[in-house]
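S.K.:
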Amino acid sequence: MENSKKKTIYLDYAATSPMYPEAADEMYRILKEQYGNPSAVYDMATYAREAINSARRTIAKTLNAEMDNIFFTSGGTESDNWALIGAAEAAARSGKGNHIVTSSIEHPAILNTCRYLEQRGFRITYLPVDSEGFIDLSQLKRAIDSETVLVSIMAANNEIGTIEPIREAAEICHQKGALFHTDAVQAYLHIPIDVKDYGIDLLSASGHKFGGPKGTGFLYIRRNLEIDSLIHGGAQERKHRAGTENTAGIAGMARAAEKAYSEMSENEKKISALKEYMLGKVLKLSSIPELSHREITLNGTPDRIKRLPGNLNFCFKGLSGESILILLDMAGIAASAGSACSSGSVEPSHVLQQIGLSKKDADSSVRFTLGSGTTEAEIDYTIKTLENIMKKLS
Ligand code: PLP
Numbered sequence: 001m002e003n004s005k006k007k008t009i010y011l012d013y014a015a016t017s018p019m020y021p022e023a024a025d026e027m028y029r030i031l032k033e034q035y036g037n038p039s040a041v042y043d044m045a046t047y048a049r050e051a052i053n054s055a056r057r058t059i060a061k062t063l064n065a066e067m068d069n070i071f072f073t074s075g076g077t078e079s080d081n082w083a084l085i086g087a088a089e090a091a092a093r094s095g096k097g098n099h100i101v102t103s104s105i106e107h108p109a110i111l112n113t114c115r116y117l118e119q120r121g122f123r124i125t126y127l128p129v130d131s132e133g134f135i136d137l138s139q140l141k142r143a144i145d146s147e148t149v150l151v152s153i154m155a156a157n158n159e160i161g162t163i164e165p166i167r168e169a170a171e172i173c174h175q176k177g178a179l180f181h182t183d184a185v186q187a188y189l190h191i192p193i194d195v196k197d198y199g200i201d202l203l204s205a206s207g208h209k210f211g212g213p214k215g216t217g218f219l220y221i222r223r224n225l226e227i228d229s230l231i232h233g234g235a236q237e238r239k240h241r242a243g244t245e246n247t248a249g250i251a252g253m254a255r256a257a258e259k260a261y262s263e264m265s266e267n268e269k270k271i272s273a274l275k276e277y278m279l280g281k282v283l284k285l286s287s288i289p290e291l292s293h294r295e296i297t298l299n300g301t302p303d304r305i306k307r308l309p310g311n312l313n314f315c316f317k318g319l320s321g322e323s324i325l326i327l328l329d330m331a332g333i334a335a336s337a338g339s340a341c342s343s344g345s346v347e348p349s350h351v352l353q354q355i356g357l358s359k360k361d362a363d364s365s366v367r368f369t370l371g372s373g374t375t376e377a378e379i380d381y382t383i384k385t386l387e388n389i390m391k392k393l394s
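First residue of the sequence shown? That's 1 in the working numbering, and the numbers climb one at a time after it.
So this is what it looks like as structure tokens:
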């Protein structure tokens, strides 16, 4: 388990991804040379404005959207807050209703925004999920009533990788007169999404999950849909999101989106094959004689089509997930327990509990998320390390 060179084997792509060098180069160039405020009138400002519009065009293409429907934000969290609060407040003002439906396994960016809206008088229904993390569409249909203004269901879960039936969910919402938002932070550019074909009204994405910079993201707002602004101030983003634009971040994110989009289908195949390889090897660890008393199970769905290509989440029954993580880290392997945003907190993952795990089993779980840079040799080393860790902890 020694790792004198300390080269990290990075298996935490769902927490954040390494930046594409092209995206970092683009940012550096803009920061160094094109620092003009995009709202100004001189030449350098025109350049910055054009860089932002070109980024808008690039991002729109990846979703089959129009460029006017892409609004840049500071990331997934802001986009989720904006979608929910903006749509809820606009609807409430026009007397449409005060009910929102979401799922119980959403990211805290959604769940805590719902709690905030609850305090402001909105009624929220949290749909349960089955043991693989899927919402039930007939339950969704029943949950929408005449007061429902918005439904928010994540495109894919950050902890267990379950891909939700968002196209079908959007259709139900429209039949029943509710708007449909999806938190696509984990899914965008990892699996194809077509906002028009899927009938999505609002979609959140985050730059750092697909090789772009942290602190960047966008909200897609369907044409002719008016939601309230979240950030008030100047007239940026066509008066919908105030604040001097993060030109370098936006351009860097778009460069990453362009790369990730062009590589998406190849990466999907490659990463998914590596994931299946790792899955088989990890599950086989309990057939090693010294570990035969240990049970290892996959959290989430075994259906590879309905799970994000790079996501694996295991329960190492009876062992402490935190101890496994620490020993992995000592061997130079970066993985995660539950969601990255809640690591450091002692509460076991709400997602794992919602799919039926006990607190103890949730605490015994470790998430590995693979990406385009992951190699078979890294997986082999990780498996060997896991074997040693399990023997040590047994
Ligand atoms: N939504 C999901 C599903 C996520 O996984 C995350 C981050 O992990 C977020 C929202 C928040 O995105 P950001 O880190 O850009 O604020």
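Even for Gly, the Cβ is constructed at its ideal location relative to N, Cα and C.
Tell me whether the segment 277-290 and the segment 352-367 touch, counting them as touching only if at least three CB pairs, one residue from each stretch, are closer than 8 Å.
M.R.: no
S.K.: Within a Cβ cutoff of 8 Å, which residues of the same chain sit near Ser-364, ignoring the five residues on either side of it in sequence?
M.R.: Numbered from 1 along the sequence shown, position 364 holds the residue referred to as residue 364. The answer, listed in chain order, is Cys-315, Phe-316, Lys-317, Gly-318, Leu-319, Ser-320 and Gly-321.
S.K.: Taking 8 Å as the limit between beta carbons, can you name the residues of its chain near Ile-271, skipping five residues before and five after?
M.R.: On the sequence shown, residue 271 is found 271 positions in, with the first residue counted as 1. Counting only Cβ-Cβ distances below 8 Å, and skipping sequence neighbours, we find Pro-309, Gly-310, Leu-370, Gly-371, Ser-372 and Thr-374.
S.K.: Ordered along the chain, which non-local residues of its own chain (more than five positions away) have a Cβ less than 8 Å from that of Arg-123?
M.R.: Within the sequence shown, the letter at position 123 stands for residue 123. So the list reads Asn-98, His-99, Ile-100 and Glu-147, once near-sequence residues are dropped.
S.K.: Could you check if Leu-63 is buried or exposed, using at least 16 other CB atoms within 10 Å of its CB as the buried criterion?
M.R.: Taking the first residue of the sequence shown as position 1, residue 63 is located at position 63. The residue in question, Leu-63, is buried, as its Cβ has 16 or more Cβ neighbours within 10 Å.
S.K.: In its own chain, which residues sit with a C-beta less than 7 Å from the C-beta of Ala-184, not counting the 5 before and 5 after it?
M.R.: For this step, residue 184 is matched to residue 184 along the sequence shown. Excluding residues within five positions, the ones whose Cβ falls inside 7 Å are Ala-155, Ile-193, Leu-203, Ser-204 and Ala-205.
S.K.: Out of curiosity, what's the CA-to-CA distance linking Glu-89 and Leu-117?
M.R.: Here residue 89 refers to the residue found at position 89 when the sequence shown is read from its first residue. Here residue 117 refers to the residue found at position 117 when the sequence shown is read from its first residue. Distance between the alpha carbons of Glu-89 and Leu-117 is about 9 Å.
S.K.: Taking only the alpha-carbon atoms, compute the straight-line gap between Ile-383 and Val-282 and give it to the nearest angstrom.
M.R.: Mapped onto the sequence shown, residue 383 falls at position 383. Mapped onto the sequence shown, residue 282 falls at position 282. For Ile-383 and Val-282, the distance between alpha carbons rounds to 7 Å.
S.K.: Hey, is Ala-109 close to the ligand PLP, as in C-beta under 7 Å from one of its heavy atoms?
M.R.: Against the sequence shown, residue 109 aligns to sequence position 109. Yes; taking the cut-off as 7 Å, the Cβ of Ala-109 has a heavy atom of the ligand PLP nearer than that.
S.K.: With 16 as the cutoff for other CB atoms within 10 Å, does Asn-224 come out buried or exposed?
M.R.: Counted from its first residue, the sequence shown places residue 224 at position 224. Flag for Asn-224 reads exposed.
S.K.: With a CB to CB cut of under 8 Å and the five nearest residues on each side skipped, what residues in its chain are close to Ile-237?
M.R.: On the sequence shown, position 237 is the one that residue 237 refers to. With the sequence shown as reference, residue 237 is identified as Glu, and Ile is not the correct amino acid for it. Counting only Cβ-Cβ distances below 8 Å, and skipping sequence neighbours, we find Phe-71, Phe-72 and Glu-245.
S.K.: Which ranges does the alpha helix (DSSP H) cover as unbroken runs of at least 4 residues, wholly within the segment 185-249, from first to last along the chain?
M.R.: 195-198 and 236-239
S.K.: Out of curiosity, what's the CA-to-CA distance linking Lys-176 and Glu-226?
M.R.: Reading the sequence shown from its first residue, position 176 is the one you call residue 176. Reading the sequence shown from its first residue, position 226 is the one you call residue 226. Lys-176 and Glu-226: Cα-Cα distance of roughly 19 Å.
S.K.: Reducing DSSP to helix, strand and coil, say where Thr-301 ends up.
M.R.: As a working mapping, residue 301 is identified with position 301 in the sequence shown. Looking at Thr-301 - three-state DSSP - the assignment turns out to be coil, as it is neither helix nor strand.
S.K.: At what residue ranges does the segment 259-332 contain a whole run of the alpha helix (DSSP H), taking only runs of 4 or more?
M.R.: 321-330
S.K.: Alpha carbon to alpha carbon, how far is Leu-150 from Glu-168? Give it in angstroms, no decimals.
M.R.: Counting from 1 along the sequence shown, the entry for residue 168 is found at position 168. Counting from 1 along the sequence shown, the entry for residue 150 is found at position 150. Whole-angstrom Cα-Cα distance: 15 Å.
S.K.: How far does the alpha helix (DSSP H) with Tyr-28 in it reach, from first residue to last?
M.R.: By 1-based counting over the sequence shown, the position of residue 28 is 28. Following the DSSP letters along the chain, one finds Tyr-28 inside the alpha helix (DSSP H) bounded by residues 21-33.
S.K.: Helix, strand or coil for Met-1 per DSSP?
M.R.: By 1-based counting over the sequence shown, the position of residue 1 is 1. With a pLDDT of only 46 at Met-1, under the threshold of 50, the placement of this residue in the model should not be trusted, and no figure is reported.
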